[in-house]
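Numbering (my numbering), first residue to last: 443 to 979. Just so it is clear, CB atoms sit at the ideal spot from N, CA and C, and this is done for glycine as well. These figures come from a predicted structure and were not determined experimentally. Here is the structure we will look at.
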Amino acid sequence: MSVNRQIGWLLLLRLLVASLLLGGTIIYHVHDGNHERSRFLVQSLYYLVVITYLGAIASFFVARKLSSERHFLQLQVIWDLLFSISLVYVTGGSESPFAFLFIIVIIGASVFFSRKEIFLVASAASILYGSLVDLQYYGYLPYAKGSIYLDRLEIRDFFYAVFVNLVAFFLTALLSSILTERFRRSESDLRKKEIDYDELDYLNKTIVANISSGLMSLNPDGRVRLFNAAATAITGLRLKDVYDRDVREVIPGLQIFSDNRRVVRRGEVQFQGGERRLTLGYATSLLTDAKGREKGLLVSFQDLTELKEMEQRLRWADRLATVGRLASGMAHEIRNPLASISGSVQLLLELKELEDYQKRLMQIVVKEADRLSQLLSDFLQFARPRQPEYDDVDLTVLCEEILAVIAGDPRFKGLDVRIRSSGVIHLAADRQQLRQALWNLLLNAADALPGSGTIQLSLVELDAWVSVVVEDSGMGIPEAIREKIFDPFFSTKDRGSGLGLATVHALVQAHRGEINVQNRPEGGTRFVLRFPRDGQV
Numbered sequence: 443m444s445v446n447r448q449i450g451w452l453l454l455l456r457l458l459v460a461s462l463l464l465g466g467t468i469i470y471h472v473h474d475g476n477h478e479r480s481r482f483l484v485q486s487l488y489y490l491v492v493i494t495y496l497g498a499i500a501s502f503f504v505a506r507k508l509s510s511e512r513h514f515l516q517l518q519v520i521w522d523l524l525f526s527i528s529l530v531y532v533t534g535g536s537e538s539p540f541a542f543l544f545i546i547v548i549i550g551a552s553v554f555f556s557r558k559e560i561f562l563v564a565s566a567a568s569i570l571y572g573s574l575v576d577l578q579y580y581g582y583l584p585y586a587k588g589s590i591y592l593d594r595l596e597i598r599d600f601f602y603a604v605f606v607n608l609v610a611f612f613l614t615a616l617l618s619s620i621l622t623e624r625f626r627r628s629e630s631d632l633r634k635k636e637i638d639y640d641e642l643d644y645l646n647k648t649i650v651a652n653i654s655s656g657l658m659s660l661n662p663d664g665r666v667r668l669f670n671a672a673a674t675a676i677t678g679l680r681l682k683d684v685y686d687r688d689v690r691e692v693i694p695g696l697q698i699f700s701d702n703r704r705v706v707r708r709g710e711v712q713f714q715g716g717e718r719r720l721t722l723g724y725a726t727s728l729l730t731d732a733k734g735r736e737k738g739l740l741v742s743f744q745d746l747t748e749l750k751e752m753e754q755r756l757r758w759a760d761r762l763a764t765v766g767r768l769a770s771g772m773a774h775e776i777r778n779p780l781a782s783i784s785g786s787v788q789l790l791l792e793l794k795e796l797e798d799y800q801k802r803l804m805q806i807v808v809k810e811a812d813r814l815s816q817l818l819s820d821f822l823q824f825a826r827p828r829q830p831e832y833d834d835v836d837l838t839v840l841c842e843e844i845l846a847v848i849a850g851d852p853r854f855k856g857l858d859v860r861i862r863s864s865g866v867i868h869l870a871a872d873r874q875q876l877r878q879a880l881w882n883l884l885l886n887a888a889d890a891l892p893g894s895g896t897i898q899l900s901l902v903e904l905d906a907w908v909s910v911v912v913e914d915s916g917m918g919i920p921e922a923i924r925e926k927i928f929d930p931f932f933s934t935k936d937r938g939s940g941l942g943l944a945t946v947h948a949l950v951q952a953h954r955g956e957i958n959v960q961n962r963p964e965g966g967t968r969f970v971l972r973f974p975r976d977g978q979v
């Protein structure tokens with residue numbers, strides 16, 4: 443409680459106590475049989491009541507004017523001592539029942555002052571009380587009318603009464619100072635602990651809010667109780683969406699217990715975060731109280747998707763390097779005899795004495811030789827793509843050029859091919875390689891649509907990245923083969939080379955980009971190509 447509030451309560455309490463004591467005393471003596479004594483006493487008490495209320499009003503205004511709280515409190519103690527001695531005087535001096543008011547003043551002073559100052563207050567009370575009684579006893583101060591005259595008391599009773607009161611004053615000062623100091627020390631320690639707890643609580647909330655890992659706390663039933671900002675950023679879910687839900691509903695597949703009910707410390711789980719499928723790595727630990735009793739579970743998790751994709755790209759690059767070394771040597775060894783075979787057969791076709799079936803067979807040989815030569819070219823392009831020659835490419839114009847070529851290609855007959863763009867989008871890229879990658883994706887989409895369907899080519903820019911999205915309305919890619927579609931020579935088509943998507947993957951990586959494939963909820967496949975706008979990210 444602040445000092446100002448303590449002072450306010452002190453003034454209010456003092457006014458209440460004075461009103462009760464004076465009012466009760468007045469009511470008691472109004473019915474006293476000794477009219478002269480009662481009239482004087484009641485009149486004196488009335489004066490004290492008026493003075494008390496005037497003092498309270500004055501204290502209120504003085505408190506607002508004085509800049510020093512300490513000086514104001516000292517004035518209040520002086521006022522209380524004067525009020526107490528006045529009431530003791532008019533009610534009988536040493537025989538007054540109100541000598542205990544000095545004890546209340548001493549106790550009140552102990553709330554605000556030090557031990558030394560408390561003993562000063564006790565000394566002042568003793569001097570005032572002792573002086574009053576001594577002056578009355580020796581005749582230097584007249585007795586109040588109607589009070590009990592001291593000549594009726596034996597001198598030893600008189601001094602005994604004074605001694606008891608003075609001892610009570612100083613004992614009260616001693617005890618109240620000890621108790622007050624202990625209280626202040628305890629209050630100070632408690633305030634320090636409260637500050638420490640506040641700082642710890644703030645620090646805890648700050649760490650939980652700003653840590654890069656997602657954090658979930660679960661109760662013993664596995665229901666979510668905490669979900670920090672990083673968890674929201676990773677999953678797209680908010681605390682109000684997941685609070686009190688079973689963690690297996692929030693992140694399906696999350697295994698927090700093994701078969702024997704022991705906590706699974708680490709693991710990975712696939713999570714559908716919007717349109718992206720995320721790989722989350724998680725670790726769990728038990729939450730216990732001070733007695734070691736289980737109170738719940740803490741689950742921390744991170745998005746490992748990019749790390750997994752990077753690992754996959756590294757494995758892919760290693761595989762590609764190996765294939766590239768083999769390809770450069772084998773291509774020449776195969777192409778040279780292949781060219782000789784094709785040339786020789788073409789010369790034989792010029793002979794006039796050949797039968798028709800012989801010409802057909804030779805034409806098949808030439809056609810397959812050309813197909814094999816093209817396959818070798820595709821393989822070399824996949825295995826060892828040339829370094830991109832970066833140029834400023836207007837993606838909208840490039841896509842419109844591809845669309846114009848598609849219009850006359852029989853493989854796209856009956857298909858609705860669209861372009862969706864938010865405006866003019868530029869990209870630093872190799873124009874020919876980018877054109878080849880998009881063409882291969884469009885051919886792959888056309889193969890997935892038997893004679894009818896929709897292909898949409900979308901261009902999206904976001905910060906430093908540009909995305910090219912190719913979507914079709916086909917059957918989608920089975921989950922079992924989705925991880926294999928970029929492998930060289932993997933194909934689900936009877937006469938496919940299995941190098942189309944592998945080449946796209948290689949070209950995108952050469953541009954420091956990313957490629958992801960997803961099945962659309964409404965059916966079909968979505969390929970998302972992400973490129974750094976300036977080619978440097």
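Should residue i be labelled buried (16 or more other beta-carbon atoms within 10 Å of its own) or exposed?
| i | result |
| --- | --- |
| Y531 | buried |
| G588 | Unreliable placement is indicated for G588, whose pLDDT of 46 sits below 50; the coordinate value is still reported in the next sentence. Flag for G588 reads buried. |
| M658 | buried |
| L458 | exposed |
| L632 | exposed |
| T730 | exposed |
| L899 | buried |
| Q805 | exposed |
| G535 | buried |
| N607 | buried |
| V492 | exposed |
| Y579 | buried |
| V692 | buried |
| I923 | exposed |
| L971 | buried |
| A732 | exposed |
| L592 | Unreliable placement is indicated for L592, whose pLDDT of 44 sits below 50; no coordinate value is reported for it. |
I'd like to know whether the C-beta atoms of residue i and residue j end up nearer to each other than 7 Å.
| i | j | result |
| --- | --- | --- |
| T747 | L720 | yes |
| G895 | L845 | no |
| A564 | F601 | no |
| L949 | A879 | yes |
| I867 | L901 | yes |
| L869 | V847 | no |
| D872 | E831 | yes |
| A890 | G850 | no |
| F540 | A615 | no |
| G734 | N661 | no |
| R968 | R975 | no |
| D914 | G966 | yes |
| H953 | F973 | yes |
| D683 | R665 | no |
| G715 | G656 | no |
| V547 | V575 | no |
If we ignore side chains and look at the alpha-carbon of each, how far apart do residue i and residue j end up?
| i | j | result |
| --- | --- | --- |
| I676 | R777 | 51 Å |
| E736 | R680 | 26 Å |
| S815 | L789 | 18 Å |
| S819 | A781 | 13 Å |
| A673 | Q875 | 39 Å |
| I783 | W907 | 48 Å |
| L696 | V689 | 8 Å |
| L455 | G572 | 27 Å |
| E511 | V553 | 13 Å |
| I569 | H513 | 22 Å |
| V911 | R877 | 14 Å |
| S933 | T648 | 52 Å |
| L490 | F525 | 8 Å |
Name the residue from the options whose alpha carbon lies nearest to the alpha carbon of residue i.
| i | options | result |
| --- | --- | --- |
| E925 | D914, Q951 and Q960 | Q960 |
| F555 | S619, I546 and L739 | S619 |
| E710 | F743, V692, T934 and L780 | F743 |
| D987 | E810, V807, A567 and P539 | A question about residue 987 goes unanswered here, because the residues of the chain that appear run from 443 up to 979. |
| T838 | I861, I848, F713 and R853 | I861 |
| G940 | L901, N882, L971 and A610 | N882 |
| F931 | L817, K682, L722 and V492 | L817 |
| A811 | S786, F928 and L562 | S786 |
| P892 | R853, T622, G965 and S628 | R853 |
| A944 | I549, I897, I649 and R755 | R755 |
| I897 | V575, E629, K855 and L793 | K855 |
| Y1035 | Q712, R708 and I527 | Limits of the chain in this structure are 443 at one end and 979 at the other, which puts residue 1035 out of reach. |
| L728 | P779, L543, D663 and E753 | D663 |
Just list the alpha helix (DSSP H) runs in the stretch 786-826, keeping only unbroken ones of 4 residues or longer that don't cross its boundaries, in chain order.
798-825
Quick one: complete alpha helix (DSSP H) runs, 4+ long, within the stretch 677-742?
681-684 and 689-692
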